[in-house]
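Data first, discussion second: the structure below is written as structure tokens.
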Amino acid sequence: MAEKISVQGNEISIISREQEDYISLTDIAKYRNKQEPFAIINNWMRNRSTIEFLGLWEKLSNLDFKPLEFERFKSEAGSNYFVLSPQSRANGS
Numbered sequence: 001m002a003e004k005i006s007v008q009g010n011e012i013s014i015i016s017r018e019q020e021d022y023i024s025l026t027d028i029a030k031y032r033n034k035q036e037p038f039a040i041i042n043n044w045m046r047n048r049s050t051i052e053f054l055g056l057w058e059k060l061s062n063l064d065f066k067p068l069e070f071e072r073f074k075s076e077a078g079s080n081y082f083v084l085s086p087q088s089r090a091n092g093s
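Take the sequence shown: its letter number 4 is residue 4 in full-length UniProt numbering, and every next letter is one higher.
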């Protein structure tokens, strides 16, 4: 069961897994667009600054991170044809 916090009158879910806490981006995006929070997240994930942040996060947190493969994403970020979407891994990690 997720915990909830209130931020500026909006409920945001916090999920704990293996002693780590994760906040719900969907709940945060609902602040901007209640009907289609996915559109907010999708646009955020196309942003070059977001891609650079995710690359740094992966470099620090993921032993299997492949920096050369990441460079392709980074170079395409922000262009009209670039699309990056969240995806859960089958093994749950």
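Heads up, the beta-carbon is just placed ideally off N, CA and C, and yes, glycines get one too.
Ranking 2, 28 and 44 by CA distance to the CA of residue 77 puts 44 first. DSSP links residue 6 through a beta bridge to 11. With contacts defined as CB atoms closer than 8 Å, residue 34 and residue 52 fail to qualify as a contacting pair. The Cβ atoms of residue 22 and residue 15 sit closer than 8 Å to each other. Short of 8 Å from the beta carbon of residue 58, and not among the five residues preceding or following it, lie these beta carbons of its own chain, in chain order: 65 and 70.
Put simply, the backbone Cα of residue 26 is about 11 Å away from that of residue 42. Judged by DSSP secondary structure, residue 21 falls within the beta strand (DSSP E) whose first and last residues are 20-23.
When rounded, the separation of the alpha-carbon atoms in residue 11 and residue 5 is 6 Å.
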